[in-house]
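**Student:** Handing you a structure now.
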Amino acid sequence: MKLKKWIQIILVSSSIIALAACTTKHKQDELAINDGNSGYNDEGAQSSGLGDESGYRDQASSRNGHLSSNRTYYFDFDSNAVHDADKPAIEANAEALASNPSKKAMLEGHTDPRGSREYNIGLGERRAKAVAQILTAKGVNHKQIRVVSYGAEKLASQGHSEADYQRDRRGVLIYLQQ
Amino acid sequence: MRKLFSTMLFVIAVSIPFSAFAMLSMELTRGVSGAIPIAVVPFEGSESAPQNVSAIVTNDLQNSGRFKVSTGRSDNTVVGRVSVLGGDQYEVSFKLLDSLGGKDNSRAVMSKKYTVPGRELRAISHHISDLIYQQITGTRGVFSTRLAYVVVQHGEPGQRRYILEVADQDGYNPRPLLNSPEPIMSPSWAPNGKQIAYVSFENKQAGIYIHNVVTGYRTLVSRFPGINGAPAWSKDGRKLALVLSKSGSPNIYIMDIATRHLTQITNDFYINTEPAWAPSGRSLLFTSNRSGGPQIYQVNLASHAISRVTYDGNYNARGSYTPDGNHVAMIHSVSGIYSIAILDLDSGVVRVVSSRSTDSASPSVAPNGSMVLYDTVIGGRNMLGIVSSDGRIQLLLPARNGEAQDPAWSPYLS
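Protein chains in written order, with the numbering used here: chain V, 976 to 1153; chain R, 4 to 417.
The structure is reproduced here in structure tokens:
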């Protein structure tokens, strides 16, 4: 345990030194969720190598294992309202995160491909933040969550039917490798 | 180590050997009836040069939709010659003849001669097309401009590649600027045509880069927490309007590129995005959902006063001015179909110019204001389209190596 902590300290320090050479300076924002994002800017350890499926870990050992394995939440057209049916699963994941403050997760927001790409980035962020709000309300520290909106740039479905659009409109919770 | 490897993957050198085939193929789907007849007689000595100059001029004029090109004689006739000078140098000369004085009385209204190396034969052909186009129509040609766009290659699941490419306006000479496993969006040309700003999701986070098209060197200019999006160059090339959500929701900012100093322009909790500069430089158009759904607004940069521009329909987004400042090209939804439309600011009339049977987006106006470049879906496949601002001329440009989207028309480059 102690060795792991030292390794973490060395990793974080060396990546901060490396990053100091190349990142632009910016002011930290005060809003809770964005503080969580800025925490990630300073941790070079997580900046690359995240495939779509990386960090996926079964929660079979926890009593909420079955519920928390649902990590994709779907949204109605032009809406960022979380479906009631998804709330138990989100809350189960909240408990997993809240009970382990060193665990980190990313929340992706997505839209269907219709309309303006940049406006869809804005919509996607609203969807991811709607899920994030449930997590933080359940005691997850905002520093454990990073929100990223992909808008319509990473569609779940190549097709253009209503069923395809429904699969595209989603928020996705991804646990990150420590 | 892993990070270094991924970084190397992302940055690709600009110059790749000239490609004989267009990566974007261009297909004229509807031309203007009453197109101007012109004859382009195959240039003498054409077969001696690596590029067929008169064939390129023919394609340029034909694809503009304004001309009906033949090879025989006509009221307007282009004749010319290509001579080999040796040492990969060629002399290209042409005459534009009109026969308004009668069939045997054709006179040259334009006559020019150039010496160019082999690698510039396409460029000189496009320049000749520009001259002929302007001489006859009175409008400056855009045959020497370029298109930037994103190609998406799907491959295996989880193996998507996104490539930012620049090609000639006729689809030839595609060159990749960036090749990434994560999305690239919103390319925006600097007014000098030498740099492109864009959004890249490398490292699973949005960042705005400025990329030198000539050298391939690039700089990260914005990577705040949250959204970094929709970069738009000011006309003097010194500022970028952009979108950041570091305040909690997406707002419009202006960044001084040299100092990186930010000025916040909108300050609320709506989705505010897609800034576009007015030709005067004194205001921006932007998209906002402050009245429910997305509409286009204008903000005065001195007073920050906001006024609404679009009232027709329940979805209007991605507005940009034509160069004369009299029209706004945009995405406009009618009965659930997203189309490209042009708003006449004087009359308030909105005219849909893209096909009404499919969704379109990402309009980008040509520097002569006569055409709009956009992306659309045909047969389930994303591709680029070009439509004249009156809707009468339509072209499709599918990519040969994937699906093309999110295009940006360069400024005049010569």
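For each residue, glycine too, the CB sits at the ideal point set by N, CA and C.
If we ignore side chains and look at the alpha-carbon of each, how far apart do alanine 305(R) and alanine 244(R) end up?
**Tutor:** Between alanine 305(R) and alanine 244(R), the C-alpha separation is close to 14 Å.
**Student:** Which two residues bound the contiguous beta strand (DSSP E) that contains alanine 80(R)?
**Tutor:** With the sequence shown as reference, residue 80(R) is identified as threonine, and alanine is not the correct amino acid for it. Looking at the DSSP string, the run of the beta strand (DSSP E) that includes threonine 80(R) is 79 to 89.
**Student:** Cβ of tyrosine 152(R) within 8 Å of Cβ of proline 410(R)?
**Tutor:** Cβ distance < 8 Å, so tyrosine 152(R) and proline 410(R) count as in contact.
**Student:** Apart from the five residues on each side of it in sequence, which residues of its chain come closer than 7 Å, Cβ to Cβ, to glycine 280(R)?
**Tutor:** Contrary to the premise, residue 280(R) reads as tryptophan rather than glycine in this sequence. Around tryptophan 280(R): Ala235, Ser237, Lys238, Ala244 and Leu287.
**Student:** Answer yes or no: do proline 414(R) and glycine 219(R) have a C-beta to C-beta separation smaller than 8 Å?
**Tutor:** Not in contact: proline 414(R) and glycine 219(R) (Cβ atoms no closer than 8 Å).
**Student:** Within its chain, find whatever has a CB closer than 6 Å to the CB of isoleucine 449(R); leave out the 5 residues flanking it on each side and keep chain order.
**Tutor:** Residue 449(R) lies beyond the stretch modelled for chain R, which goes from 4 to 417, so this question has no answer here.
**Student:** Check the C-beta distance from serine 57(R) over to glycine 83(R) and give it rounded, since I have them as a contact under 8 Å.
**Tutor:** That belief holds up - the Cβ atoms of serine 57(R) and glycine 83(R) are roughly 6 Å apart, short of 8 Å.
**Student:** Is histidine 1085(V) close to chain R? Criterion is C-beta to C-beta, closer than 8 Å.
**Tutor:** Histidine 1085(V) does not count as touching chain R.
**Student:** Using 8 Å as the Cβ pair cut-off and three pairs as the minimum, do the region 382 to 401 of chain R and the region 355 to 365 of chain R touch?
**Tutor:** Touching, yes.
**Student:** Pull up the distance between the alpha-carbon of glutamine 198(R) and that of asparagine 1075(V), whole angstroms please.
**Tutor:** Taking the straight line from one Cα to the other gives about 46 Å.
**Student:** Is it buried or exposed for glutamine 162(R), if we count other Cβ within 10 angstroms and need 16 for buried?
**Tutor:** Exposed: under 16 other Cβ atoms inside 10 Å.
**Student:** Does DSSP put threonine 140(R) in a helix, in a strand, or in coil?
**Tutor:** Three-state DSSP puts threonine 140(R) in a helix.
**Student:** Taking a cut of 8 Å between CB atoms, which residues from the region 206 to 224 of chain R lie near chain V?
**Tutor:** Listed in sequence order: Asn206, Lys207, Gln208, Ala209, Leu223 and Val224.
**Student:** Would glycine 284(R) be called buried (16 or more neighbouring beta carbons within 10 Å of its own) or exposed?
**Tutor:** Exposed, since its Cβ has fewer than 16 Cβ neighbours within 10 Å.
**Student:** Should serine 255(R) and arginine 241(R) be called a contact, given that it needs their Cβ atoms to be closer than 8 Å?
**Tutor:** For the record, residue 255(R) in the displayed sequence is isoleucine; it is not serine. Contact: no.
**Student:** Can you look up arginine 1046(V) in the DSSP assignment and give me helix, strand or coil?
**Tutor:** Correct three-state label for arginine 1046(V): coil.
**Student:** Would arginine 1(R) count as contacting chain V if we go by Cβ distances under 8 Å?
**Tutor:** Outside the shown range of chain R (4 to 417) lies residue 1(R), about which nothing can therefore be said.
**Student:** Assign leucine 150(R) to buried or exposed, taking buried as 16 or more other Cβ atoms, counted over all protein chains shown, within 10 Å of its Cβ.
**Tutor:** Leucine 150(R) should be labelled buried.
**Student:** Below 7 Å CB to CB, which residues in the same chain sit around phenylalanine 227(R) once its five sequence neighbours on both sides are set aside?
**Tutor:** The answer, listed in chain order, is Leu247 and Lys249.
**Student:** Apart from the five residues just before and just after histidine 1135(V), which ones in its own chain have a Cβ nearer than 6 Å to its Cβ?
**Tutor:** Taken in chain order, the list of residues that qualify is empty.
**Student:** Within 10 angstroms of the Cβ of asparagine 270(R), are there 16 or more other Cβ atoms? Answer buried if so, exposed if not.
**Tutor:** Exposed.
**Student:** Are the beta-carbon atoms belonging to alanine 407(R) and leucine 27(R) less than 8 Å from one another?
**Tutor:** Cβ atoms of alanine 407(R) and leucine 27(R): closer than 8 Å.
**Student:** Going by Cα to Cα distance, which pick from Ala402(R), Trp412(R) and Ile389(R) is closest to glycine 68(R)?
**Tutor:** That would be Ile389(R), whose Cα lies nearest to the Cα of glycine 68(R).
**Student:** Within 10 angstroms of the Cβ of phenylalanine 146(R), are there 16 or more other Cβ atoms? Answer buried if so, exposed if not.
**Tutor:** Buried: at least 16 other Cβ atoms inside 10 Å.
**Student:** Tell me, please, which residues DSSP counts as bridged to tyrosine 300(R).
**Tutor:** DSSP output for tyrosine 300(R) lists Phe289(R) and Arg311(R) as bridge partner(s).
**Student:** Residues of chain R with CB under 8 Å from serine 1077(V), in chain order?
**Tutor:** Near serine 1077(V) there are no residues of chain R at all, since even the closest Cβ is about 20 Å away, more than 8 Å.
**Student:** Curious, which full-length beta strand (DSSP E) runs of at least 3 residues does the region 1049 to 1119 of chain V contain?
**Tutor:** Counting only runs of 3 or more, we get 1080 to 1085.
**Student:** Given that proline 186(R) touches chain V, what residues does it touch there, using C-beta distances under 7 Å?
**Tutor:** Those are Tyr1125, Glu1128 and Lys1129, listed as they occur along chain V.
**Student:** Taking C-beta to C-beta, are methionine 188(R) and glutamate 1128(V) nearer than 8 Å?
**Tutor:** Yes, these two residues count as a Cβ contact at 8 Å.
**Student:** Nearest to leucine 180(R) by CA position, among Val169(R), Gly296(R) and Ser203(R), is which residue?
**Tutor:** Of the listed residues, the one whose Cα sits closest to leucine 180(R) is Val169(R).
**Student:** If you measure from the beta carbon of glycine 1146(V) to each beta carbon in chain R, is any gap under 8 Å?
**Tutor:** No - not a single Cβ of chain R is within 8 Å of the one on glycine 1146(V).
**Student:** Please compile the residues from chain V whose C-beta is within a distance smaller than 8 Å of the C-beta of phenylalanine 204(R).
**Tutor:** Val1123, Tyr1125 and Glu1128, listed in chain order.
**Student:** DSSP three-state call for leucine 1130(V): helix, strand or coil?
**Tutor:** Looking at leucine 1130(V) - three-state DSSP - the assignment turns out to be coil, as it is neither helix nor strand.
**Student:** Could you pull the DSSP bridge partners for histidine 214(R) from this structure?
**Tutor:** Paired residue(s): Ile199(R) and Arg221(R).
**Student:** Determine whether the Cβ of histidine 1117(V) lies closer than 8 Å to any Cβ atom of chain R.
**Tutor:** Not closer than 8 Å to any Cβ of chain R, the Cβ of histidine 1117(V) fails to qualify, so no.
**Student:** Classify aspartate 314(R) as buried or exposed, calling it buried when 16 or more other Cβ atoms lie within 10 Å of its own Cβ.
**Tutor:** Per the sequence presented here, residue 314(R) reads as tyrosine, with aspartate not at that position. Exposed: under 16 other Cβ atoms inside 10 Å.
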